[in-house]
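Engineer:
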Amino acid sequence: MFDYDPAREAGVPHRALPFFYGDILHVTNVADDDWWTARLVTESGEEGMEGIIPSKKRVEKKERQRRKQVNFNAGSQSLPRGMDGRRGSRSQLSFSRKFPFVKSTDKLNEFTDNELGPTEDPIMSYVAVERQQISLVPVNYPRPVIILGAMKDRINDELVLRDRDRFSSCVPHTSRPPKPNEIDGRDYHFVSKEQMQEDVRNNQFIEAGQFQDNLYGTSINSVREVAEMFLVSAKEMAKIELLITISTPNLI
């Protein structure tokens, strides 16, 4: 909950470990009242540099001492920095979350190392966190891959050609009439323009667009059909990871 720079403190052990607000420390030894042994934990969860850090008791004691020494005398001199690095001024009584609210210098004498003022904020030193183990779960269900761009059809065909057991394309919908060599359900699902517009309004399509006054799109049911087909196949193929490619037509 604070930055620690050993170079700014006198009498620290030579193995003192600097750290910043938000760093995670793995404390390995708390036998000493003033100094603990700890390792920095990296963003990947691995343990890094080891060193000595001030104990919770030492940090809080030094902060209480710092608060008692705050100078409230008249003048324009800035107040010392707190643990959060901010400064106050003499005209500001509640200087920050880290400073006590004191109405006169006489009240300073009422503080002791083991007491907090009646309106003083608690001292934030270290916060305990719990290490959790995250297990990677193998994916045993089809996952959609949406292919976009000028090369989408070529990429789609290449993936299916290379590994038919792993990849399959969804059959898109269109409102245009079929060409002589096209088969309904294989090349396209041929539907009326009115029916397709109604399905689009009912959110039955992942994507849809218009080209030369004809509608094209990929429906949710088309994706589901391929997924269900491969879920059955996966049981016979040791539950390998399967993908679905969705190749949309060129839309203008």
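Using full-length UniProt numbering, the first residue of the sequence shown is number 1, and each one after it goes up by one.
Built from N, CA and C at the ideal position, the CB exists for glycine as well.
In three-state terms, what does DSSP make of residue 123?
Structural biologist: In this structure, residue 123 counts as coil in the three-state DSSP scheme.
Engineer: Using a threshold of 9 angstroms, state whether the C-beta atoms of residue 52 and residue 31 are closer than that.
Structural biologist: No, the pair does not count as a contact, with Cβ atoms beyond the cut-off.
Engineer: Within a Cβ cutoff of 6 angstroms, which residues of the same chain sit near residue 58, ignoring the five residues on either side of it in sequence?
Structural biologist: Correct list, in chain order: 34.
Engineer: Quick one: what does DSSP say residue 197 is sitting in, helix, strand or coil?
Structural biologist: Note: residue 197 maps to helix in three-state DSSP.
Engineer: Alpha carbon to alpha carbon, what distance is there between residue 186 and residue 26?
Structural biologist: If you take the alpha carbons of residue 26 and residue 186, they lie about 59 angstroms apart.
Engineer: Taking only the alpha-carbon atoms, compute the straight-line gap between residue 76 and residue 3 and give it to the nearest angstrom.
Structural biologist: Low per-residue confidence applies at residue 76: pLDDT is 44, beneath 50, and the placement is therefore not dependable, though the value from the model is reported in the following sentence. Their Cα atoms are separated by approximately 27 angstroms.
Engineer: Rounding to the nearest angstrom, what Cα-Cα distance links residue 61 and residue 55 in this structure?
Structural biologist: Taking the straight line from one Cα to the other gives about 10 angstroms.
Engineer: Express the C-alpha separation of residue 195 and residue 166 in angstroms, rounding to a whole number.
Structural biologist: Taking the straight line joining both Cα atoms gives about 32 angstroms.
Engineer: Provide the residue span of the beta strand (DSSP E) that contains residue 29, from first to last.
Structural biologist: Its beta strand (DSSP E) spans residues 24 to 29.
Engineer: Leaving out the 5 sequence neighbours to the left and right, which residues in its chain are closer than 7 angstroms to residue 191 when beta-carbon positions are compared?
Structural biologist: Result list for residue 191: 173, 175, in chain order.
Engineer: Could you check whether residue 50 and residue 8 sit closer than 9 angstroms to each other, using their CB atoms as the reference points?
Structural biologist: Not a contact, by the Cβ cut-off of 9 angstroms.
Engineer: Which residues in the same chain as residue 12 place their Cβ atom closer than 6 angstroms to its Cβ, once the five residues preceding and following it in sequence are excluded?
Structural biologist: Within the same chain, residue 12 has close Cβ partners 6.
Engineer: With a cut-off of 8 angstroms on the beta carbons, I'd call residue 159 and residue 193 a contact; round off their distance for me.
Structural biologist: Between residue 193 and residue 159 the Cβ distance is about 31 angstroms, and since that is not below 8 angstroms, they are no contact.
Engineer: Report the option in 22, 10, 17 whose CA atom is closest to the CA atom of residue 127.
Structural biologist: Ranking 22, 10, 17 by Cα distance to residue 127 puts 22 first.
Engineer: Would you mind sorting residue 123 into buried or exposed? The rule is 16 or more other CB atoms within 10 Å of its CB.
Structural biologist: Buried.
Engineer: Label residue 222 either buried or exposed according to how many other C-beta atoms from any shown protein chain fall within 10 Å of its C-beta, with 16 as the threshold for buried.
Structural biologist: Buried: at least 16 other Cβ atoms inside 10 Å.
Engineer: Indicate the three-state DSSP secondary structure (helix, strand or coil) for residue 228 in the structure shown.
Structural biologist: DSSP places residue 228 in helix when its eight states are reduced to three.
Engineer: Could you give the distance in angstroms between the alpha-carbon of residue 97 and the alpha-carbon of residue 69?
Structural biologist: With a pLDDT of only 39 at residue 97, under the threshold of 50, the placement of this residue in the model should not be trusted, and no figure is reported.
Engineer: Please classify residue 163 as buried or exposed, where buried requires at least 16 neighbouring CB atoms within 10 angstroms.
Structural biologist: Residue 163 is exposed by the Cβ-count criterion.
Engineer: Which partner residues of residue 159 appear in the DSSP bridge assignment?
Structural biologist: DSSP output for residue 159 lists no bridge partner at all.
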